[in-house]
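Colleague:
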């Protein structure tokens, strides 16, 4: 696949993320239709929440990490920001590059259809990311510790863990505040779904 990519001139555009070795292997038993994906769909239906996530994305945040932070908060779980080995590389090689390609294409005109196809591929890549994350938390809860219930402090803690390492404190605080306000204003009415057959109390 890496060799194929290197043969495509558009993927060697100077404004795109440089190619890097693909050193990750997806678990074979990923389930794309999973509780984290359902949570993502619920959140994304709210324009204010979606806009807040996209604003954070423009500051370097990963939307999949933001969604993970919120999902785990609804599961009454704290998160230290850790991810399965290879996921960050996979995100960089696929999701991020597809997003950059989409942004290079005009929304209107002859490239409109192509842009929509790239956008669909980007969404599919994010869905794989979320499946990988959900799969990891179904199998390994070493980076999760139980809380008695969802609360604002727990969400704040998880969002801080989701922040990119190069994000400034002021930038992160402003983005988190906007997102939390959007969640609070519209209500975080998410029913926790079972993970590995267990629904948190």
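Residue numbers (our numbering): 13 to 213.
Cβ coordinates follow ideal geometry from the N, Cα and C atoms, glycine included.
Please read these numbers as outputs of a predicted model, since none were measured by experiment.
1. Whose CA, out of 71, 128, 180 and 147, lies closest to the CA of residue 48?
2. I want to know whether the segment 48-57 touches the segment 74-93 - three or more CB-CB distances under 8 Å.
3. So, at 7 Å on beta carbons, what are the nonlocal neighbours of residue 71 in its own chain, with the 5 sequence-adjacent residues on each side left out?
4. For residue 39, collect the residues of the same chain with a Cβ closer than 6 Å to its Cβ; drop the 5 residues on either side in sequence, then sort them by chain order.
5. Does the beta-carbon of residue 123 have 16 or more other beta-carbons within 10 angstroms, so that it is buried, or is it exposed?
6. Buried or exposed for residue 103, going by 16 or more other Cβ atoms inside 10 Å?
7. To the nearest whole angstrom, what separates the beta carbons of residue 98 and residue 37, a pair I think is in contact under 8 Å?
8. If you reduce the DSSP assignment to three classes, tell me which class residue 42 lands in.
9. Output needed for residue 195: all residues of its chain with C-beta closer than 7 Å, excluding positions within five of it in sequence on either side, in chain order.
10. How many Å lie between residue 190 and residue 67 at the Cα?
11. From residue 137 to residue 165, what does the alpha carbon distance come to, in whole angstroms?
12. Taking the Cβ atom as the reference point for each residue, do residue 8 and residue 143 lie within a distance shorter than 8 Å?
Modeller: Looking at the atomic coordinates:
1. Residue mapping note: residue 48 aligns to position 36 of the chain shown, counting from 1. The shortest C-alpha separation from residue 48 is found at 147.
2. The count of Cβ pairs closer than 8 Å, one atom from the segment 48-57 and one from the segment 74-93, reaches three, so the stretches are in contact.
3. Your numbering for residue 71 matches position 59 in the chain shown. For residue 71, where only same-chain residues beyond five positions count, the Cβ hits under 7 Å are 179, 183 and 187.
4. To locate residue 39, count along the chain shown from 1; it is residue 27. Close CB contacts of residue 39 within its chain, under the 6 Å cut and outside five residues either way in sequence, are with 147 (chain order).
5. Start at 1 with the first residue of the chain shown, and residue 123 comes out as number 111. Burial call: exposed.
6. In the chain shown, counting from the first residue as 1, residue 103 sits at position 91. Its Cβ being crowded by 16 or more others within 10 Å, residue 103 is buried.
7. Translated into positions along the chain shown, residue 98 becomes position 86. Translated into positions along the chain shown, residue 37 becomes position 25. Contact flag correct, Cβ pair sits at about 6 Å.
8. Taking the chain shown and counting its residues from 1, the one referred to as residue 42 is at position 30. In this structure, residue 42 counts as coil in the three-state DSSP scheme.
9. Position 183 of the chain shown holds residue 195. The beta carbon of residue 195 sits closer than 7 Å to the beta carbons of 61 from its chain, once the five residues preceding and following it are set aside; these are given in chain order.
10. Counting from one through the chain shown, the residue named residue 190 turns up at place 178. Counting from one through the chain shown, the residue named residue 67 turns up at place 55. Taken atom to atom, the span from the alpha-carbon of residue 190 to that of residue 67 is near 9 Å.
11. Stepping through the chain shown from its first residue, residue 137 is reached at position 125. Stepping through the chain shown from its first residue, residue 165 is reached at position 153. One C-alpha to the other measures close to 31 Å.
12. Given a span of 13 to 213 for the chain in the structure shown, any question on residue 8 remains unanswerable.
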